[in-house]
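Student:
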Amino acid sequence: MATPPVGSKSNPSQFDVLDKLGEDEPYFVIRAHDPLSSALVELHAYIGAGQSGAAHNKLAEIMALTAAKPPRPASSPKYRETFAISLAMEQWRDAHKD
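Residue numbers (UniProt numbering): 1 to 98.
(1) Tell me the residue span of the alpha helix (DSSP H) that contains residue 66.
(2) Does DSSP classify residue 79 as helix, strand or coil?
(3) Note the first and the last residue of the continuous alpha helix (DSSP H) segment covering residue 48.
(4) Taking C-beta to C-beta, are residue 55 and residue 43 nearer than 8 angstroms?
(5) Can you confirm whether the segment 79-95 touches the segment 14-26 when touching is taken to mean that 3 or more C-beta pairs between the two stretches lie within less than 8 angstroms?
(6) Keeping to the same chain, check which residues put their C-beta closer than 7 angstroms to that of residue 4; ignore five residues upstream and five downstream.
(7) So, is residue 58 buried or exposed, given that buried needs 16 or more other C-beta atoms within 10 angstroms?
(8) Sorted by chain position, which residues of the same chain lie with C-beta nearer than 6 angstroms to residue 49's C-beta, five sequence neighbours on each side aside?
(9) Alpha carbon to alpha carbon, how far is residue 6 from residue 96?
And the structure:
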C-alpha cells in the first residue's frame, strides 16, 4: 500500500498544528480540492522565507488563475465567513500576545 501524501489526515506534516490548537483559537483549512490550494500554500512559503520576488510571481499566477473564472460575489456567505475568520484570528493574536 502506498504511503499517504505528506500533510494529509493519515500522514500529517511534522509541523501539523491541529492537535495543538487552543479551544478558542481560530483556524482556516485550505484543502487540495480547492484549485488555488497549492499556489496559496506556495505563496505562504515564499513570503515566510522572505523570497519576495518568487512571492510576487506566485501572486501574479494566482491572479491570472482567478481572472479565468468569475469570482463569487464578496457578499457570498462563504466569503463573509472567511473574512470573519480572518478578523477573529487577528483579534485572537492581539488577546494572546506573549
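Don't be surprised by glycine CBs; every beta carbon is placed ideally from N, CA and C.
Tutor: In brief:
(1) Within the sequence shown, residue 66 is the residue found at index 66, counting from 1. Element bounds for residue 66: 52-67.
(2) Numbered from 1 along the sequence shown, position 79 holds the residue referred to as residue 79. Secondary structure at residue 79: helix, using DSSP grouped into helix, strand and coil.
(3) Within the sequence shown, residue 48 is the residue found at index 48, counting from 1. Where residue 48 is concerned, the enclosing alpha helix (DSSP H) starts and stops at 37-48.
(4) Residue mapping note: residue 55 aligns to position 55 of the sequence shown, counting from 1. Residue mapping note: residue 43 aligns to position 43 of the sequence shown, counting from 1. Cβ distance < 8 angstroms, so residue 55 and residue 43 count as in contact.
(5) Three or more Cβ pairs closer than 8 angstroms define a contact, and the segment 14-26 meets that threshold against the segment 79-95.
(6) The residue labelled residue 4 in the question sits at position 4 within the sequence shown. Closer than 7 angstroms at Cβ, skipping near neighbours: 10 and 11.
(7) On the sequence shown, position 58 is the one that residue 58 refers to. The residue in question, residue 58, is buried, as its Cβ has 16 or more Cβ neighbours within 10 Å.
(8) Counting from 1 along the sequence shown, the entry for residue 49 is found at position 49. If you ignore the 5 residues before and after residue 49, its C-beta comes within less than 6 angstroms of no other C-beta in its own chain.
(9) The residue given as residue 6 occupies position 6 in the sequence shown. The residue given as residue 96 occupies position 96 in the sequence shown. Whole-angstrom Cα-Cα distance: 30 angstroms.
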